[in-house]
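Data first, discussion second: the structure below is written as structure tokens.
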Amino acid sequence: MTTKWPHWTQEVRSRVTQERWEHVERVALLAAQIAYAAGLDTRRAYAAGILHDLARDLGDTALLALAPPECDLDRRWPLAVHGRAARNLLENLGFADGQVLEAVEDHVTGPRPGQLLAACVYIADVSEPGRGVNAHIRELAFKDLNAALSLAIESKVQYLSGRGTEVHPRTLELYEHLQGCRRAVGDSQT
Ligand SMILES: [Fe+2]
Numbered sequence: 003m004t005t006k007w008p009h010w011t012q013e014v015r016s017r018v019t020q021e022r023w024e025h026v027e028r029v030a031l032l033a034a035q036i037a038y039a040a041g042l043d044t045r046r047a048y049a050a051g052i053l054h055d056l057a058r059d060l061g062d063t064a065l066l067a068l069a070p071p072e073c074d075l076d077r078r079w080p081l082a083v084h085g086r087a088a089r090n091l092l093e094n095l096g097f098a099d100g101q102v103l104e105a106v107e108d109h110v111t112g113p114r115p116g117q118l119l120a121a122c123v124y125i126a127d128v129s130e131p132g133r134g135v136n137a138h139i140r141e142l143a144f145k146d147l148n149a150a151l152s153l154a155i156e157s158k159v160q161y162l163s164g165r166g167t168e169v170h171p172r173t174l175e176l177y178e179h180l181q182g183c184r185r186a187v188g189d190s191q192t
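So the sequence shown is numbered by our numbering: it starts at 3 and just counts up by one.
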């Protein structure tokens with residue numbers, strides 16, 4: 003963890019709108035609370051929450067310069083890379099905590115399997131009270147983090163599919179992994 007935390011807070015504040023900053027503070031607090039309930043590192047969860055939207059208010063050109071597209075969706079909708087762009091920007095600025103960087107990168111498309119710190123940040127981002135949605139996911143996260151993650155990813159995939167909107171390949175990969183886990187649990191119970 004960096005020893006110059008106020009510097010990073012200021013870095014975010016200088017790069018996002020006031021409204022975004024208020025969202026960022028709510029995400030950080032909620033991510034730390036969920037991490038506490040799950041017995042995870044609350045300081046890292048809070049840090050990732052503060053840093054997650056560092057690149058959110060950049061324009062398309064800057065986003066794609068920081069995080070070159072990995073798929074057609076990234077190319078067509080550059081906001082899809084704002085997590086990866088934030089990670090790369092942080093690394094360029096000298097931030098070096100790998101767990102926090104991974105949570106920042108994956109907050110848009112979903113955590114990689116088993117990355118529970120990133121799951122706290124992802125869930126906090128989609129369910130912080132200011133969003134006005136997903137309170138049930140927030141409540142579930144305090145009791146069962148993995149179940150809340152599955153619900154959050156399923157809801158996102160179903161919502162996007164229902165609108166005929168393409169799901170990011172990284173999210174789809176996670177969704178399929180979670181569905182596979184669910185099937186494996188079901189099989190072991192029959
Ligand atoms: Fe974001």
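C-beta: ideal position from N, C-alpha, C; glycine also.
Asked                                                                                                          : Found
DSSP-derived helix/strand/coil call for Thr167                                                                 : coil
Span separating the alpha-carbon of Arg17 from that of Ala57                                                   : 8 Å
Whole-number beta carbon distance between His54 and Val29, since they are thought to touch under 8 Å           : 6 Å
Ala98 (DSSP reduced to helix, strand or coil)                                                                  : coil
Whole-Å CB distance - Ile155 paired with Leu180, under 8 Å assumed                                             : 6 Å
Neighbour-count burial assignment, Pro8, 16 or more Cβ in a 10 Å radius                                        : exposed
Residue closest to Leu151, alpha-carbon to alpha-carbon, out of Val128, Arg165, Tyr48 and Glu27                : Val128
Thr19 vs Asp59 beta-carbon contact at 8 Å                                                                      : yes
8 Å Cβ cutoff met for Arg1 and Leu103                                                                          : Any property of residue 1 remains undetermined from this structure, which presents the chain solely from 3 to 192.
Three-way DSSP call (helix, strand, coil) for Trp7 in this model                                               : helix
Ligand 1 heavy atom lying under 7 Å from the CB of Arg58                                                       : yes
His84 - DSSP class collapsed to helix/strand/coil                                                              : helix
Alpha carbon of Arg165 to alpha carbon of Arg78, nearest angstrom                                              : 17 Å
Cβ-heavy atom distance, Gly132 to ligand 1, below 7 Å                                                          : no
Every unbroken alpha helix (DSSP H) within the region 93 to 157, with a cutoff of 4 residues, ordered by chain : 100 to 107, 118 to 129 and 137 to 145
7 Å CB neighbourhood of Val110 in its chain, flanking five on each side removed                                : Ala82, His84 and Gly85
Cβ-based neighbour list, Arg185, same chain, cut-off 6 Å, excluding 5 preceding and 5 following                : none
N- and C-terminal bounds of the alpha helix (DSSP H) containing Ala64                                          : Asp62 to Leu68
Exposure label - Pro80; buried when at least 16 CB within 10 Å                                                 : buried
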